[in-house]
Amino acid sequence: MNAIAGVEPQGLDLLDDESFRMVVRRWIEAAYPAELRNPPKRLHWAENRPWYFKLAEKGWLCPGWPLEHGGMGLGPTKQIVFTEELERHGCARCNDHGIIMLGPLVIRYGTEEQKAHFLPKILSGEHVWCQGYSEPNSGSDLASLRTSAIPDGDEYVVNGQKIWTTLAQDANWIFLLVRTDAAAKKQEGISFLLVDMTTPGITVRPIINLEMHDEFCEVFFDNVRVPRANLVGQLNKGWDMAKALLSFERIYLGSPRQSAYALTRLRQLAERMNVWEEPFFASTYARHRCDLEDLKALYGRYVEVLKRGQPLGADVSQLKIIQSELFQRITETMLEVAGENAGLMEPMEGNRNLSPAGQYIQARPSTIYGGTNEIQRNIISKNVLGLP
Amino acid sequence: MNAIAGVEPQGLDLLDDESFRMVVRRWIEAAYPAELRNPPKRLHWAENRPWYFKLAEKGWLCPGWPLEHGGMGLGPTKQIVFTEELERHGCARCNDHGIIMLGPLVIRYGTEEQKAHFLPKILSGEHVWCQGYSEPNSGSDLASLRTSAIPDGDEYVVNGQKIWTTLAQDANWIFLLVRTDAAAKKQEGISFLLVDMTTPGITVRPIINLEMHDEFCEVFFDNVRVPRANLVGQLNKGWDMAKALLSFERIYLGSPRQSAYALTRLRQLAERMNVWEEPFFASTYARHRCDLEDLKALYGRYVEVLKRGQPLGADVSQLKIIQSELFQRITETMLEVAGENAGLMEPMEGNRNLSPAGQYIQARPSTIYGGTNEIQRNIISKNVLGLP
Amino acid sequence: MSTEAGIAPFSEDRAESIRMVRDSAAGIADGVARARALRFSLPGFSADVWRQMGGLGWIGLAVPEAAGGSGLGVAEMCALSEELGRSLVPEPLIGAALSAALLAAAGEAEILPRLLAGEAVVLTAWQDRANTLTPCTDPSATRRFIAMGAGATHFLLPVGDQLQLVEAGACEATHELTHDGGHLTTLRVPAGRAVGKAEILPALDRAALATAAYLLGGMEATFALTLDYLRTRQQFGKIIGTFQALQHRAADTKLHIALCRAAVEQAAAALDAGAGADEGAAMVSRAKARASEAAMLVGQACVQLCGGVGYTDDYDVGLYLRKAMVLAPAYGGAALHRARFMALSPEAEDA
Amino acid sequence: MSTEAGIAPFSEDRAESIRMVRDSAAGIADGVARARALRFSLPGFSADVWRQMGGLGWIGLAVPEAAGGSGLGVAEMCALSEELGRSLVPEPLIGAALSAALLAAAGEAEILPRLLAGEAVVLTAWQDRANTLTPCTDPSATRRFIAMGAGATHFLLPVGDQLQLVEAGACEATHELTHDGGHLTTLRVPAGRAVGKAEILPALDRAALATAAYLLGGMEATFALTLDYLRTRQQFGKIIGTFQALQHRAADTKLHIALCRAAVEQAAAALDAGAGADEGAAMVSRAKARASEAAMLVGQACVQLCGGVGYTDDYDVGLYLRKAMVLAPAYGGAALHRARFMALSPEAEDA
């Protein structure tokens, strides 16, 4: 047995961090499909399921889940190393809402029956999940959501509409925030509900975005009947549960990976376009690079919080603002450097690394999703700076 | 008689614009005290009064006043040319509140007695005026001012405090906005009052600013008795009168002269510091220069409005924002270029042109005075863009 | 919607002529639906509309009447381009007007009338590389970045000190789609027919300025959509246009547009008034630099202000940003033009 | 006020040692009143306080114990500098610590003890021009930009590959006042006494990093004042801190400070951990570039947020901006340090 195959999930936690890193790296390099490295767009299930199953087979699908639920049972530091290695190799993001969002929530708040039913189906790839939070009139103000779930016998009847549902067309289950008490104050009447997407009354309509990609969808609910047993946690406490999970999202969105990736691409583009001698370019590039390194330093301070198992404060919003706006600036420089190539749909010269327009357009929504940067600034001014 | 001395105010209006410009230019070049060109700070009365009297003697003190009141009676175009020539030569700004603010107001709203009494005294330099609008708690929200004028017999009794009163220590008269109806809505209880600063109960306290200069003052009013005859216009209509005058201020504050002057200084500094070859500098300078030329083009469009005698719209606020922020950016580049000289109080090498810190500090309040840029942006979004 | 800040530097006569040109655009430039429908197809524009444009005298708008054109000025061409930009009109009018100007200057009289009538589509293939303002005159060089080249009937090329005309069918052409739904063509060209000589740079300047005007029209249109959104969309129980951070971002957007209009109209007026070669070129550079940069800033701000909706292909604001991505670098981007402005425009003596 | 974002890259032991250093600063760095009173005078600082600093072991904080210093690390020196920056302490501690480090490395043992005790003020005159990171070693060159040079008892100069010490009284010195109330000294220096050799660049890096930390402390102090102002000042019947445009500007200010702290503390930790020469210097450059730029941005934002009051000399926020004007370029400004960072720090291979 070689060093890779010989290390089972149970043994990984015994490795020191650097050995763990090398084990992970070698396996990824051997196992990851070369044609899927650094995909220019978010992949659909049909494209990334082979990788999903490879991870599942290896037992490495769910690094953060406890061993008893089929996860890798990694501590925070090793989870971070694991993610870094996936990013380093340019691995595509899976349809991972079941893995990173729903699984942890069910483990924390679900009944034993829910755990036994849902977790194995995520691990096996039988259930592919998507997340139904935002609504057309509840974007920044998520708590104003109106999709309703009215009890009727053993079921809830769900009516309403979700939007910006990532890869809903690939999913067969959706977890929803629904309003179960119309009279309560807005955060207080919300529950967390699991819905089989094959239930009659559900319609999925992909949204084409500026990349001409159908990453997001609208999902319509017309008298959709959902068993009461699919409610997770307490009735009308869904908001707090969802919010607890979102703190993960806030550091994830602040990870320097997007900016780092874009900067590498900018460097390659600059070499191709021969602009290092241009008066503006060297100083602009130096600025981006310092911005990136400083972001990495700041990010490392928050990672340290996670490693020590402490909660993240509201100030983590800083990371999201800094990273998303740096990502945008880097891609704006790409367009300047690219000159007349700036508008091309396909990568220049068929070289996937030279895709300034693609990177530029992907960077646009980074200041919008995950809570707009305006909202993040509100959070900082109120919850960090104590402004009234 | 030569061409200069031979042209009396009455004749100036007959000249074409370019001839007028040359006549003005030659006289300024001959008459203006060389040591006062491009003064690094706003001059006090003791310093600029010789120039004031030279203008007065020539009859050129008040370009915009009608001939019958002792002005030059110039149309808008020639007034603009006149100002441009003063700026071109680097003439110091006089203690000009009587000339540009009070005079026009008295001419428009004053009684015959007021005109006969006050206008000649401005022309003669006997009255030096300052403007009492802002108060400690009424800066951006000027209309909330609280300095009160309570009628008592033939007099008003004034109590309160003004602040940011430019060169109050040089002035012997002040024009005030005062509250004459405490019960009315805030814009509606304000009147316009002229006050002799030698009246008992007035205290002037200079404010030292970041330049270590005493350009602004606080003025305190403690039971100051002012004749009722010193009220200008209708009781409780002072706000509208003052506002009409402020539209002049808004284009004045949008004039490119400060930025143009600063850019020239930046160029001289860059030559001295030998930074034209620095990668960042050439592109930064080019950007400033394009910004300046585009500002000039935009400014010219508003000047054209004045030339045609039309009213300026709320969108003139654009000019003030653009000019003040460009002025600041140019001076920020100055500090970068100056390196370790950036903090020096005195000009570098005794050369008045090389005063990066002085210019930088002077640029700071340009986004604050005359209505902060935040207020200007509010005006644009509400009154120009129609946002709610 | 009044978008003027101050009074444009045009005489009353010119202003009237400009108004007429704008009015004439209304039939063709009436919203983005047509542009949207033509996206991502080849040739990506309508031959019928092209003939209409010929009939309206647009292709030769600034060509002298003696050469069969409408004999109007740069200001009119800019006004027309602006209207086209508002509706993202895909027909290659600016590129074809460049060809028409060159053909007229060269004294060509065979293809020019067909071009002016909208029967031919002649595009000028002057560029062999990105990020340049210098026409390529090498006959063997591959010509690149020809917008909407798939619809050309002929290409016009500077070769040595001559202009050569070549039929599109004789060329080896590849077309790469762009995010605005159009495409850029790369050409390998056989020897063509010499059609005379013309100064290319002044004609390129006019195309650059018209492109700036097109971008300006687009900025105003996308900003108007965004303001509508801000005035109606609600979050947190309030119209989002009441949030000061969004108000101020909108105000900043307005500033960019105002500066752009001032620069474009000043340059147009100067060219029409016969500005010297360097002076005129410097003003064009300033205007194109401003427009290229402002179009990106305005486009980005509008997408951001419209939030998630702004990122959908269905919503029109995104169309304008993607058009700006293509046109900002066309005929030279901001950095290139600022550098040229500095080179051409000496500064006043120091005071 | 907790200003930490995340957890600083220090071990628990170091964190404790840093806390002790910060606490020890409280007696001297207790607000800006003392700094204000000393402004615009020569020498502009207090000999008594200088001796106190010596007594507290600050001048030799990072000098090895074997050489009579406190033997602490870069992180402690940065923490101390940060506390001094909060109160704008005018004594030339960073400049003197640079001299102490050089004297210790050179094995000098005569003046060093007096310097460490606060009895002498030895400042290093390494610079002959603005905008440089390269020490001047020419004996005849005029030395410039020596902060608080009017209070020096001795100057230390790199001459050839030696260090020379010269008494202040033997030099021809001129002092130019700076906007922070201090001054910069220009020196013409006679031949001095050779005191040995030392590597100058690593010591300059530590001074640059300490200056970055001083600026960081100042940023946090002026921002705290500004937040207080925003929380209390009323206009239009509302606390101005409720206006979203001001809130967002404050949030942006916070971001600059957070990035600055991350960069400074990362560099300090790396130097203490024995980072390689280039790696350490690159991190210092990044930290100083960030601090120099952030200090200006933060200072400007705070003056603007405080409105008219912020522009008065009486109000403290202006003191910090004027200190930043002087310290942003000291030991190299942002552009210089970014360029050095790029030169020293190779990038990871492409993925």
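Residue numbers (this note's numbering), protein chains in the order written: chain A, 1 to 388; chain B, 389 to 776; chain C, 777 to 1127; chain D, 1128 to 1478.
Idealized CB from N, CA, C, for every residue including glycine.
Residues that residue i bridges to, as DSSP identifies them
i	result
residue 1320(D)	1292(D)
residue 544(B)	539(B) and 614(B)
residue 1259(D)	For residue 1259(D), which the question treats as bridged, DSSP gives no partner whatsoever.
residue 597(B)	1439(D)
residue 959(C)	953(C)
residue 195(A)	174(A)
residue 1010(C)	1015(C)
residue 520(B)	564(B)
residue 1285(D)	1290(D)
residue 604(B)	554(B) and 595(B)
Interface flag, residue i vs chain B, CB-CB below 9 Å
i	result
residue 1254(D)	yes
residue 148(A)	no
residue 1202(D)	no
residue 270(A)	no
residue 869(C)	no
residue 120(A)	no
residue 1443(D)	no
Residue i, buried or exposed, once every other Cβ within 10 Å from all chains shown has been counted against 16
i	result
residue 787(C)	exposed
residue 276(A)	exposed
residue 1365(D)	exposed
residue 694(B)	buried
residue 35(A)	exposed
residue 394(B)	Its pLDDT being 45, under 50, residue 394(B) is placed unreliably by the model, and the measurement read from it follows with that caveat. Its Cβ having fewer than 16 others within 10 Å, residue 394(B) is exposed.
residue 230(A)	buried
residue 1128(D)	With a pLDDT of only 35 at residue 1128(D), under 50, the local geometry of the prediction cannot be trusted, and the value read off the model is given with reservation. Its Cβ having fewer than 16 others within 10 Å, residue 1128(D) is exposed.
residue 1059(C)	buried
Min CB distance residue i to chain D below 9 Å
i	result
residue 390(B)	Residue placement at residue 390(B) is flagged as unreliable, the pLDDT there being 34, under the threshold of 50; the coordinate-derived value follows with that caveat. Residue 390(B) does not count as touching chain D.
residue 295(A)	yes
residue 6(A)	Interpretation of residue 6(A) is limited by its pLDDT of 45, a score under 50 that renders its predicted location unreliable; the figure taken from the coordinates is listed afterwards. No, residue 6(A) does not count as interfacial toward chain D.
residue 152(A)	no
Residue i at chain A interface by Cβ criterion, 9 Å
i	result
residue 776(B)	no
residue 1339(D)	no
residue 769(B)	no
residue 670(B)	yes
CB contact below 9 Å: residue i versus chain C
i	result
residue 1128(D)	A caution first: residue 1128(D) carries a pLDDT of 35, below 50, which makes its placement in the model too unreliable to give a value.
residue 663(B)	no
residue 465(B)	no
residue 590(B)	no
Nearest-angstrom Cβ-Cβ length linking residue i and residue j, presumed shorter than 8 Å
i	j	result
residue 1300(D)	residue 1415(D)	The pair is not a contact, with the Cβ atoms about 27 Å apart (cut-off 8 Å).
residue 245(A)	residue 104(A)	7 Å
residue 1325(D)	residue 1290(D)	6 Å
residue 1023(C)	residue 765(B)	7 Å
residue 139(A)	residue 190(A)	The pair is not a contact, with the Cβ atoms about 16 Å apart (cut-off 8 Å).
Contact set between the segment 1364-1385 of chain D and chain C, restricted to residues whose Cβ is under 7 Å from the partner: Taking a C-beta cut-off of 7 Å against chain C, the contacting residues of the segment 1364-1385 of chain D are 1370, 1371, 1372 and 1375, listed in chain order.
Below 8 Å between beta carbons is the criterion; list the residues of the segment 343-369 of chain A that meet it against any residue of chain C, in chain order. Contact annotation: in the segment 343-369 of chain A, residues whose CB is within less than 8 Å of a CB in chain C are 343, 344, 345, 346, 357, 360, 361, 364, 365, 367, 368 and 369.
Using a Cβ cut-off of 8 Å, which residues of the segment 485-501 of chain B contact any Cβ in chain D, in chain order? The residues in question: there are none.
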